[in-house]
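Take a look at the structure set out below.
Residue numbers (the working numbering): 19 to 119.
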């Protein structure tokens with residue numbers, strides 16, 4: 019796979035791919051940022067924001083950030099909730115793929 023392959027895709031597929039990559043990178047670093055702020059008892063990232071980032075496509079980045087920064091790993095609601103969001107997103111993409119195909 020090379021860059022020519024990417025540009026041969028439909029523009030909507032290209033935009034969607036770029037969006038998914040970017041939102042996951044953002045989610046990953048938000049978990050790291052919140053972990054850093056928690057160490058210094060500084061103003062934290064609201065949990066609503068962390069949930070929203072996962073919900074709008076950043077669930078893989080959220081799971082990666084939780085694991086890499088060891089943040090929110092003791093909160094079962096975050097572990098289970100983000101995993102459920104990820105499963106829903108996978109099912110949604112699978113359904114979309116089969117619908118378009």
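In this text, a Cβ means the ideal position worked out from N, Cα and C, and glycines have one as well. On a predicted model such as this, the values are computed, not experimentally measured, just so you know.
Using DSSP with H/G/I as helix, E/B as strand and the rest coil, what is residue i?
{"i": "residue 27", "result": "coil"}
{"i": "residue 36", "result": "helix"}
{"i": "residue 57", "result": "helix"}
Exposed or buried, which one is residue i when buried takes at least 16 other CB atoms within 10 Å?
{"i": "residue 77", "result": "buried"}
{"i": "residue 103", "result": "buried"}
{"i": "residue 89", "result": "buried"}
Which residue's Cα is closest to the Cα of residue i: the options?
{"i": "residue 49", "options": "28, 100, 20, 27", "result": "100"}
{"i": "residue 111", "options": "35, 22, 25", "result": "35"}
{"i": "residue 41", "options": "68, 88, 28", "result": "68"}
Considering residue i, what are the terminal residues of the alpha helix (DSSP H) in which it resides?
{"i": "residue 72", "result": "Here residue 72 belongs to no alpha helix (DSSP H), and DSSP marks it neither H nor E."}
{"i": "residue 118", "result": "94 to 118"}
Quick one: is the Cβ of residue i within less than 6 Å of any heavy atom of the ligand FAD?
{"i": "residue 38", "result": "Judged by which ligands are present, the structure shown has none, so any question about the ligand FAD falls away."}
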